[in-house]
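Below you'll find the structure, written out as C-alpha cells, and then a few comments.
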Amino acid sequence: MAAPSNSFRAAVITFPGSNCDRDMAVAIEAVTGEAAIRVWHGDADLPDRLDFIALPGGFSYGDYLRSGAMAAKSPVLRAVVAAAERGVPVLGVCNGFQVLTESGLLPGALMRNAGQRFVCKTVELEVANTSSPFTTGYEKGAKLRIPVAHHDGNYFADEATLDALEAEDRVAFRYTDNPNGSRRDIAGVLSANGRVLGMMPHPERAIEPAAHASLGGADGRGIFENLVTSLISA
Amino acid sequence: MKVRILVRLKPGVLDPQGRAVHHSLDHMGFEGVEDVRIGRMIEMEVADGTDDATLTKMCEQLLANMVIEDFVIEKMEPA
Chain A
572 MAAPSNSFRA
582 AVITFPGSNC
592 DRDMAVAIEA
602 VTGEAAIRVW
612 HGDADLPDRL
622 DFIALPGGFS
632 YGDYLRSGAM
642 AAKSPVLRAV
652 VAAAERGVPV
662 LGVCNGFQVL
672 TESGLLPGAL
682 MRNAGQRFVC
692 KTVELEVANT
702 SSPFTTGYEK
712 GAKLRIPVAH
722 HDGNYFADEA
732 TLDALEAEDR
742 VAFRYTDNPN
752 GSRRDIAGVL
762 SANGRVLGMM
772 PHPERAIEPA
782 AHASLGGADG
792 RGIFENLVTS
802 LISA
Chain B
3 MKVRILVRLK
13 PGVLDPQGRA
23 VHHSLDHMGF
33 EGVEDVRIGR
43 MIEMEVADGT
53 DDATLTKMCE
63 QLLANMVIED
73 FVIEKMEPA
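Chains A and B are the protein sequences, given in the same order.
Residues 572 to 805 (this note's numbering) make up the first sequence, in order.
Residues 3 to 81 (this note's numbering) make up the second sequence, in order.
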C-alpha cells in the first residue's frame, strides 16, 4: 500500500539491547496514525524522506564501556547525525539521550545517578523551553508527569556549558524533585537549532488516556503531538 | 605492543561510585582513607609502531568521554 505523500514518516532505531523500541513505535503510531519504520543499528542508510527519528531506551550493547558509547559509533548513527544536520527532528529517550550525548549531537554526559541506585518511578517535569518542535504547544512552567527508569541519568556538563544552554534556551525540561543528581535539575536538552531533543524520562510510556493513569498517564503524548503540529505548520 | 590506558574522571567531577566505596571502607573499619575515585583500565594489544596520535584518537573518540574523563596512555615493553 502506498503511503500518502503527506504521511508522517518516522524511524525508530533498534540497537542490540534496546528495549523501549517497540513502546516508541507504538507511541508514534498512536499519536500520528502512521506506523513507524523500524531500523536496525547495522544499517548504514536511513529510509529517505524521514520526518522524525527516535532513539529508544534500553541498554544498547549492554552499556559496555559507557552507556550509549558503542551505539554512538554504530553505522546507523552516522546516518542519524547526517540527518540531524539536515534538520530532521531527532528524539533520544533515556539510553537514546545517552547515545545523543556520546555522539556529540547534544552537549554534556549522563553519569551514574548521584544516589547510586536505579531509579524507576514517575517524576514531575517542568517545561522550560516552549519554542522547539517538541515543546511548542506547552506553556512555560507547565507540569508533566512522566516515568523515569535509569541508572545513568545524572546530567553533567561544565558550568560554562550549562550557562550557555540556559542562555540559549536549550533546557527543554527540568525535574521539580531531582531524582538523579542532574546539574541544575536538567531532565532534557535541545540542540542549538532545537530539533534534537534528549531526555531521560520516557514520554512513550505515558501516551495512554486517563483510563490507564496508573500506567503512567498521557502526559508524554504532547511531545509527539507538538512535533506533528510543528511539522504540519512548517 | 601492549598498551595500557587509564581512564579517570576529571578532577571536580563527582564520583558517586568512589564515594560509596569510600563509605564502605569506613564502615569496615579502615581508617585514614581520604578519598576514593574509580576509573577504568583498558589493555590493548596493538601493532608495534602504532603511533601516539592514533592511540590518542582512540581515546578521544571512544575509550574516554572527554566531557567527564581524562586518560593516560602507557606503552608497555613489547612482549
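Heads up, the beta-carbon is just placed ideally off N, CA and C, and yes, glycines get one too.
Just so you know, these numbers come straight off a predicted model, no measurement behind them.
*Residue range of the beta strand (DSSP E) that Val742(A) falls in?*
742 to 746
*Would you kindly work out how many angstroms separate the C-alpha atoms of Gly604(A) and Val799(A), rounded to a whole number?*
11 Å
*Quick one: grab the DSSP three-state call for Thr707(A).*
coil
_Counting only beta-carbon separations shorter than 8 Å, does Met682(A) have a partner in chain B?_
yes
*Hey, how far is the Cα of Gly769(A) from the Cα of Ile757(A)?*
11 Å
*Partner residues on chain A for Leu1(B), Cβ-Cβ distance less than 7 Å*: Any answer about residue 1(B) is impossible in this case: the structure gives chain B only from 3 up to 81.
_CB of Ile84(B) within 8 Å of CB of Met682(A), strictly_ = With chain B represented from 3 up to 81, any question about residue 84(B) goes unanswered, as that position is not in the structure.
_Range of the contiguous alpha helix (DSSP H) that encloses Phe668(A)_ = 666 to 674
*CB of Ser645(A) to nearest heavy atom of the ligand MN: below 7 Å?*
Among the components modelled here there is no ligand, and therefore nothing to report on the ligand MN.
*Can Ala581(A) and Ile599(A) be called in contact, C-beta distance under 8 Å?*
yes
*Express the C-alpha separation of Asn684(A) and Leu671(A) in angstroms, rounding to a whole number.*
18 Å
_Cβ closer than 8 Å: which chain A residues qualify as neighbours of Ile7(B)?_
Chain A residues near Ile7(B): none, gap ~12 Å exceeds 8 Å.
*asked:* Can you tell me whether Glu76(B) is helix, strand or coil according to DSSP?
replied: strand
*asked:* I need the straight-line Cα distance from Gly613(A) to Leu662(A), nearest angstrom please.
replied: 19 Å
*Have a look at Asp54(B) and Leu636(A) and give me their C-alpha separation to the nearest angstrom.*
22 Å
*asked:* By the 8 Å beta-carbon criterion, what residues does the region 649 to 682 of chain A contribute toward chain E?
replied: Annotation note: the requested chain E is absent from the structure, which comprises protein chains A and B.
*Just tell me which of Thr585(A), Val664(A), Leu761(A) has its CA closest to the CA of Val647(A).*
Thr585(A)
*In chain order, what residues of the same chain lie with their CB nearer than 8 Å to the CB of Ala728(A), ignoring the 5 residues before and after it?*
Pro678, Gly679, Ala680, Leu736, Arg754
*asked:* Just to confirm before moving on: does the CB-CB distance between Asn666(A) and Gly633(A) stay below 8 Å?
replied: no
*Is the Cβ of Leu16(B) closer than 8 Å to any Cβ of chain A?*
yes
*Measure the alpha-carbon distance for Gly793(A) versus Thr747(A) and round it to whole angstroms.*
19 Å
*What is the DSSP secondary structure of Leu16(B), counted as helix, strand or coil?*
coil
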